[in-house]
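S.K.: Here's a structure for you.
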Amino acid sequence: MNSNMKNALKKITACTLGALMLTGCSDFLDRTPMDEIVDETYWKTQQQLEMAATAIYSRVKAKNFVDMENLGENTMWPTTNQYKDIGSGVFPVTQPTVDNEWRNMYRDIRECNAFLENYQTASETEPGAKERLAAEVRVIRALAYSFLVSFYGDVPLIIKTLNPGDPELMDPRTPREEVIDFLLADLDAAAAVLPAEIPSGENLGRVSKGAALALKARIALTEQRYDVAEEAAKAVMDLGVYELYSNGDPATSYWELFTDAGKLANGNNKETIFARLHKLDVIMHNLSREIQVPDQFARFVPTRSVVESYLCSDGLPIEKSPLYNDDTYESVFENRDPRMRQTILAPGDTWGGRYDGRPVAENPDPTVFMVPKFSQDGQGSVTTTGYYYKKYVDPGAVPTYNRDDNDIHHIRYAEVLLTYAEAKLEQGTLTQADLDISINLLRDRVRMKRMDLAFLAQHQMDVREEIRRERRVELMLEGHRYFDVRRWREGERLGRDIEGVKAEWFPQLTAPGSSFRISEDGHLVAQWNRRFEDPKNYLWPVPQPQLDRNPNLGQNPGW
Numbered sequence: 004m005n006s007n008m009k010n011a012l013k014k015i016t017a018c019t020l021g022a023l024m025l026t027g028c029s030d031f032l033d034r035t036p037m038d039e040i041v042d043e044t045y046w047k048t049q050q051q052l053e054m055a056a057t058a059i060y061s062r063v064k065a066k067n068f069v070d071m072e073n074l075g076e077n078t079m080w081p082t083t084n085q086y087k088d089i090g091s092g093v094f095p096v097t098q099p100t101v102d103n104e105w106r107n108m109y110r111d112i113r114e115c116n117a118f119l120e121n122y123q124t125a126s127e128t129e130p131g132a133k134e135r136l137a138a139e140v141r142v143i144r145a146l147a148y149s150f151l152v153s154f155y156g157d158v159p160l161i162i163k164t165l166n167p168g169d170p171e172l173m174d175p176r177t178p179r180e181e182v183i184d185f186l187l188a189d190l191d192a193a194a195a196v197l198p199a200e201i202p203s204g205e206n207l208g209r210v211s212k213g214a215a216l217a218l219k220a221r222i223a224l225t226e227q228r229y230d231v232a233e234e235a236a237k238a239v240m241d242l243g244v245y246e247l248y249s250n251g252d253p254a255t256s257y258w259e260l261f262t263d264a265g266k267l268a269n270g271n272n273k274e275t276i277f278a279r280l281h282k283l284d285v286i287m288h289n290l291s292r293e294i295q296v297p298d299q300f301a302r303f304v305p306t307r308s309v310v311e312s313y314l315c316s317d318g319l320p321i322e323k324s325p326l327y328n329d330d331t332y333e334s335v336f337e338n339r340d341p342r343m344r345q346t347i348l349a350p351g352d353t354w355g356g357r358y359d360g361r362p363v364a365e366n367p368d369p370t371v372f373m374v375p376k377f378s379q380d381g382q383g384s385v386t387t388t389g390y391y392y393k394k395y396v397d398p399g400a401v402p403t404y405n406r407d408d409n410d411i412h413h414i415r416y417a418e419v420l421l422t423y424a425e426a427k428l429e430q431g432t433l434t435q436a437d438l439d440i441s442i443n444l445l446r447d448r449v450r451m452k453r454m455d456l457a458f459l460a461q462h463q464m465d466v467r468e469e470i471r472r473e474r475r476v477e478l479m480l481e482g483h484r485y486f487d488v489r490r491w492r493e494g495e496r497l498g499r500d501i502e503g504v505k506a507e508w509f510p511q512l513t514a515p516g517s518s519f520r521i522s523e524d525g526h527l528v529a530q531w532n533r534r535f536e537d538p539k540n541y542l543w544p545v546p547q548p549q550l551d552r553n554p555n556l557g558q559n560p561g562w
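Residues in the sequence shown are numbered from 4 upward in steps of one, following this note's numbering.
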């Protein structure tokens with residue numbers, strides 16, 4: 004075991020509190036670890052295994068997963084976020100995030116490997132606990148590897164702890180297909196051990212059988228192993244323990260899932276399969292403030308591409324529907340898929356961004372949004388596109404710093420349903436019955452017109468395009484978009500300018516002396532000089548520091 008792992012275990016209390024994957028387990032969080040932990044005295048009891056597993060849970064991405072939305076074209080960070088730079092195709096092999104992701108994922112994998120090498124020596128007070136905990140760790144290791152493979156393609160497959168001087172440190176990368184074969188088999192092994200029921204009580208937030216199978220479905224879909232993805236997704240569906248979250252109101256159910264009301268700890272959410280849990284005054288995040296920061300530029304802003312991706316309420320895209328009207332800013336939000344207004348802030352909505360684009364004297368209630376703010380004066384949230392998100396936002400948390408305690412969702416049942424439909428489509432076996440047990444459940448939740456194959460054919464709508472649209476809309480601002488665009492080989496989307504509102508809606512955008520950039524068809528341009536090189540940008544480069552240490556890793560095409 005290396006010094007990093009030993010230090011992590013020495014500080015297990017902090018790691019346990021940091022994990023909060025077990026938020027509902029007060030006795031688990033209150034356990035006091037030993038002051039000094041070494042291999043010779045550790046790995047002896049079930050309690051020690053639980054503490055070590057909790058430290059590993061604490062490594063799972065939290066808000067950082069949502070930050071990855073900036074890699075795609077759904078949103079953009081207006082200043083120096085490195086994900087934005089990577090997504091725009093303008094970054095070198097020395098870019099820090101490229102190396103950080105490599106180092107962090109292999110740090111996590113090493114800690115998982117250390118657990119799996121040592122867990123069998125422990126005693127257990129609960130029959131089967133050791134193997135269950137090991138299965139949880141296997142799933143977390145597979146999650147880390149799924150990011151590595153998506154970013155870099157071929158990567159070293161390391162399933163034991165390595166130390167300085169070990170010859171394996173100089174091995175070349177393992178072919179991607181071999182890594183995927185290992186991950187799918189490992190997830191099968193984990194699923195065979197893990198409980199099917201949704202973890203609750205002292206096990207709240209732990210990995211379950213559904214999480215193992217859902218991650219298997221995700222990885223298989225990414226790798227175009229559609230038969231495997233279909234089978235794994237259907238296995239999750241057939242468990243019979245998951246259902247879409249609803250409060251009974253189609254106008255708010257989708258939005259509410261991403262608020263405190265949708266927390267797993269409340270016991271009402273049977274949709275979220277795996278999440279990073281948070282707890283007020285223990286471990287929190289800053290997403291609400293970053294989305295509607297009340298005195299600076301909003302960190303996440305919807306793009307024109309996002310706004311135009313939502314269907315109209317008649318099931319037709321905006322270019323086909325007679326219901327679509329973009330004469331005004333307000334009219335764009337009318338007659339659209341209800342998820343649009345549950346994701347993107349619309350005039351009249353409650354918000355935490357304080358003063359909007361109206362003069363302060365004309366803004367009697369700063370808790371109600373009406374007009375976007377384009378110029379910074381320290382008195383309200385500024386948008387670079389003219390739009391704001393409301394998904395994941397608690398307006399009451401916006402004025403504070405790092406005071407969000409809502410869950411960050413990694414895997415939802417909604418994703419499983421989308422995976423099932425897409426896998427069926429790509430195998431040429433999709434039927435209306437398949438849509439009715441998958442995508443149409445998502446639409447029913449918000450009372451959106453159901454997807455109907457005959458309707459799509461009647462209106463010359465491509466089924467593949469509509470299933471991909473559905474995935475974009477449902478999983479908006481959850482970190483998936485960049486990964487989807489690349490696996491669909493639609494990288495050219497990432498090379499386009501990021502645009503926003505129609506300039507004619509807001510005279511200040513085109514006033515004499517204005518510094519705003521306007522596109523040829525009259526839209527605000529928020530980011531330009533983007534590019535996407537094929538095949539280069541379908542993979543990240545192997546980080547230069549890693550190549551310096553091991554030249555045998557080789558480099559990806561174009562880098």
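C-beta atoms are modelled at their ideal positions from N, C-alpha and C, and glycine is treated no differently.
Remember, it's a predicted structure, so these values are computed and weren't measured experimentally.
In angstroms with no decimal places, state the Cα-to-Cα distance between N259 and T78.
M.R.: A small correction: the amino acid at residue 259 is Glu; Asn does not occupy that position in the sequence shown. About 21 Å.
S.K.: Tell me which same chain residues have a C-beta within less than 6 Å of the C-beta of Q558, skipping the five on either side of it?
M.R.: Excluding residues within five positions, the ones whose Cβ falls inside 6 Å are V545.
S.K.: Compare the C-alpha of R113 against each of V140, G516, P341, D455 and name the closest.
M.R.: Among V140, G516, P341, D455, the Cα nearest to that of R113 belongs to V140.
S.K.: Mind the definition here: the stretch 294–303 touches the stretch 509–528 only if three or more C-beta pairs lie below 8 Å; say whether that holds.
M.R.: Result no; under three Cβ-Cβ pairs closer than 8 Å.
S.K.: Measure the CB-CB distance between P297 and V401 and report whether it falls below 9 Å.
M.R.: Yes, the pair counts as a contact, with Cβ atoms nearer than the cut-off.
S.K.: Where G498 and D88 are concerned, what is the direct C-alpha to C-alpha distance, given to the nearest angstrom?
M.R.: So the two alpha carbons sit approximately 11 Å from each other.
S.K.: Considering only residues of the same chain and omitting the five flanking positions on each side of V187, which have a CB-CB separation below 7 Å?
M.R.: It should be noted that the sequence gives Leu, not Val, for residue 187. These residues qualify, in order along the chain: K219, I222, A223, V231.
S.K.: Assign D252 to one of three DSSP states: helix, strand, or coil.
M.R.: Coil at D252, not helix or strand.
S.K.: My guess is that Y332 and C315 are in contact by the Cβ rule of under 8 Å, so how many angstroms apart are they, rounded?
M.R.: Y332 to C315, Cβ: 17 Å. No contact.
S.K.: Does G75 come out as helix, strand or coil in the three-state DSSP assignment?
M.R.: Of the three classes helix, strand and coil, the one that applies to G75 here is coil, per DSSP.
S.K.: Pull up the CB-CB distance for G494 and F535, whole angstroms please, since I reckon it's below 8 Å.
M.R.: The pair is a contact, with the Cβ atoms about 4 Å apart (cut-off 8 Å).
S.K.: Three or more C-beta pairs under 8 Å: does that hold for the stretch 164–172 against the stretch 181–196?
M.R.: No, because fewer than three Cβ pairs between the stretch 164–172 and the stretch 181–196 fall closer than 8 Å, the two stretches do not touch.
S.K.: Using 9 Å as the threshold, is the C-beta distance between A417 and E468 below it?
M.R.: No, Cβ-Cβ distance for A417 and E468 is not below 9 Å.
S.K.: Who are the Cβ neighbours of Y148 in its own chain at under 6 Å, not counting the five residues just before and after it?
M.R.: Same-chain partners within the cutoff: L186.
S.K.: Along the chain, where does the alpha helix (DSSP H) containing V140 start, and where does it finish?
M.R.: Run containing V140: 132–155, per the alpha helix (DSSP H) assignment.
S.K.: Within its chain, find whatever has a CB closer than 7 Å to the CB of A506; leave out the 5 residues flanking it on each side and keep chain order.
M.R.: Counting only Cβ-Cβ distances below 7 Å, and skipping sequence neighbours, we find L512, T513, I521, G525, H526, L527.
S.K.: Considering just the uninterrupted stretch of the beta strand (DSSP E) at A529, what are its terminal residues?
M.R.: Unbroken beta strand (DSSP E) run through A529: 526–530.
S.K.: With DSSP as the reference, label E277 as helix, strand or coil.
M.R.: Note on residue identity: the sequence assigns Phe, not Glu, to residue 277. Correct three-state label for F277: strand.
S.K.: Assuming G503 and T346 make a contact with CB atoms under 8 Å, what is their CB distance in whole Å?
M.R.: Going by Cβ atoms, the distance from G503 to T346 rounds to 16 Å, so no, they are not a contact pair.
S.K.: Strictly under 9 Å for the Cβ-Cβ distance: is A147 near chain C by that measure?
M.R.: Judged by its chain identifiers, the structure shown contains no chain C, having just a single protein chain.
S.K.: In chain order, what residues of the same chain lie with their CB nearer than 7 Å to the CB of P159, ignoring the 5 residues before and after it?
M.R.: Only D174, R176, T177 meet the Cβ criterion.
S.K.: Count the other C-beta atoms from every protein chain shown that fall within 10 angstroms of the C-beta of T422, then say buried if there are 16 or more, exposed otherwise.
M.R.: The residue is buried, with at least 16 neighbouring Cβ atoms inside 10 Å.
S.K.: Buried or exposed for A117, going by 16 or more other Cβ atoms inside 10 Å?
M.R.: So A117 counts as buried.
S.K.: Name the two residues that bound the continuous beta strand (DSSP E) containing I501.
M.R.: Its beta strand (DSSP E) spans residues 501–505.
S.K.: Quick one: what's got a C-beta closer than 7 Å to Y257's C-beta in the same chain, skipping five residues either side?
M.R.: Around Y257: R342, Q345, R448, V449.
S.K.: If you drop the 5 nearest sequence neighbours on each side, which residues of the same chain put their C-beta closer than 8 Å to that of S249?
M.R.: Here the set comprises S256, R448.
S.K.: Pull up the distance between the alpha-carbon of T97 and that of D317, whole angstroms please.
M.R.: Whole-angstrom Cα-Cα distance: 48 Å.
S.K.: Kindly provide the ranges of any beta strand (DSSP E) runs that are 3 or more residues long and lie completely inside the stretch 398–447, ordered along the chain.
M.R.: The qualifying runs are 411–415.
S.K.: In this structure, what does DSSP give as the bridge partners for T262?
M.R.: DSSP, once it has assigned bridges, lists no residue as partnering T262.
S.K.: Out of F377, Y358, K376, state which residue places its alpha-carbon closest to the alpha-carbon of D368.
M.R.: Taking only the C-alpha atoms, the option nearest D368 is Y358.
S.K.: In whole angstroms, give me the CA-to-CA distance for E337 and L52.
M.R.: The straight-line gap from Cα to Cα measures roughly 54 Å.
S.K.: For my contact list, Y60 and M71 are in at a C-beta cut-off of 8 Å; report their separation, rounded to the angstrom.
M.R.: That belief does not hold up - the Cβ atoms of Y60 and M71 are roughly 19 Å apart, past 8 Å.
S.K.: Return the chain-ordered list of same chain residues with a C-beta closer than 8 Å to the C-beta of N84, the five sequence neighbours on each side being excluded.
M.R.: If we look at N84 and ignore the five residues flanking it on each side, its Cβ neighbours are D70, N73, R302.
S.K.: In the DSSP assignment, what are the bridge partners of H288?
M.R.: In the DSSP output, where bridge partners are listed per residue, H288 has D407.
S.K.: At 4 residues or longer, and completely inside the stretch 191–228: list those alpha helix (DSSP H) runs for me, N to C.
M.R.: List check, alpha helix (DSSP H) in window: 212–225.
S.K.: Can you tell me whether DSSP reads G355 as helix, strand or coil?
M.R.: It is coil, neither helix nor strand.
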